[in-house]
Amino acid sequence: MNDKVDKLVIFLAKRDGIDKLVKTFQYVSKLVHYHVEKSHPDHAGRAKQWEVAAGLSRKAFRSGRFLTGFNALRRAPGPTPGFRLLAVLANAGEMVYFFFDHFLWLSRIGVLDGTLARRMSFVSAFGESFGYVFFIISDLIMIRDGMREERKVASEEGKRKIRAERVMRLMGVAANLADLIIALADIEPNPFCNHAITLGISGLVSAWAGWYRNWPA
15 MNDKVDKLVI FLAKRDGIDK LVKTFQYVSK LVHYHVEKSH PDHAGRAKQW
65 EVAAGLSRKA FRSGRFLTGF NALRRAPGPT PGFRLLAVLA NAGEMVYFFF
115 DHFLWLSRIG VLDGTLARRM SFVSAFGESF GYVFFIISDL IMIRDGMREE
165 RKVASEEGKR KIRAERVMRL MGVAANLADL IIALADIEPN PFCNHAITLG
215 ISGLVSAWAG WYRNWPA
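The opening position of the sequence shown corresponds to residue 15 in the working numbering, with each subsequent residue numbered one higher.
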């Protein structure tokens, strides 16, 4: 399948595909808002509305997403006890993130008390950052093991498969590191993580790494 329109249709039919598209909108609009905030306040206001709407839309799209981690543990927890432990820690953090994200979304749209938003944001971001640390560790171990395996494989086809998997895992590490920075901005606000440029670039790195990983072959 070489037709790019066909691939785009398949990509956008996936929940992750839509999420990465809207995430791109969210963080492009954040950077636009920062760039024109002083020179064109009216345009900055529109960009801010786009950013907020995109962020809320992504939370709606992710309804029930916490079950993905549960199913991953149920179906394929890992080949060794060490990887199974990493999978439990990583997916547990991600499940907390997506589960409490439901309440954050409901509080921000006014269904629940708006004062809950900050508390739900902290719990969700803490679970997210906790899970990402172990996803990153797992991917780095797999990359190391793949490099060792590549030296033992004789066929060029086998080497290509290992390299392709390594690229995918590197994209995963990049996305998780970027999202970890965004989560830290919620957990412990600081001038670096909370700067609009840091958040904007981190969001786009995560989104575009997701585009690469989810794009049909």
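Ideal Cβ positions, reconstructed from N, Cα and C, are used throughout, including at glycine.
Between which two residues does the alpha helix (DSSP H) containing residue i stretch?
i, result
"residue 135", "130-166"
"residue 169", "Segment: none, residue 169 is in no alpha helix (DSSP H) and carries neither H nor E."
"residue 211", "210-228"
"residue 33", "29-50"
"residue 102", "95-122"
Here's a check: name, in chain order, each residue in its chain whose Cβ is nearer than 6 angstroms to the Cβ of residue i, leaving out the five neighbours to either side.
i, result
"residue 108", "83 and 145"
"residue 186", "153"
"residue 86", "105"
Given this structure, state the Cα-to-Cα distance separating residue i from residue j, to the nearest angstrom.
i, j, result
"residue 54", "residue 44", "14 angstroms"
"residue 77", "residue 168", "46 angstroms"
"residue 73", "residue 119", "6 angstroms"
"residue 95", "residue 101", "10 angstroms"
"residue 230", "residue 24", "7 angstroms"
"residue 104", "residue 177", "24 angstroms"
"residue 128", "residue 122", "6 angstroms"
"residue 61", "residue 191", "26 angstroms"
"residue 162", "residue 180", "12 angstroms"
"residue 173", "residue 68", "40 angstroms"
"residue 113", "residue 57", "34 angstroms"
"residue 99", "residue 38", "33 angstroms"
"residue 20", "residue 91", "33 angstroms"
"residue 156", "residue 27", "29 angstroms"
Please work out which residues of its chain come closer than 7 angstroms, Cβ to Cβ, to residue i, disregarding the five sequence neighbours upstream and downstream, and give them in chain order.
i, result
"residue 143", "194, 197, 198 and 201"
"residue 111", "138, 141, 142 and 145"
"residue 224", "30, 34 and 189"
"residue 130", "117 and 121"
"residue 151", "100"
Where does residue i fall in DSSP's three states?
i, result
"residue 81", "helix"
"residue 76", "coil"
"residue 17", "coil"
"residue 54", "coil"
"residue 191", "helix"
"residue 92", "coil"
"residue 7", "Nothing about residue 7 can be reported from this structure: the residues present for the chain run from 15 to 231 only."
"residue 231", "coil"
Please work out which residues of its chain come closer than 8 angstroms, Cβ to Cβ, to residue i, disregarding the five sequence neighbours upstream and downstream, and give them in chain order.
i, result
"residue 75", "29, 32, 33 and 36"
"residue 42", "214 and 218"
"residue 210", "44, 45, 47 and 48"
"residue 135", "118 and 200"
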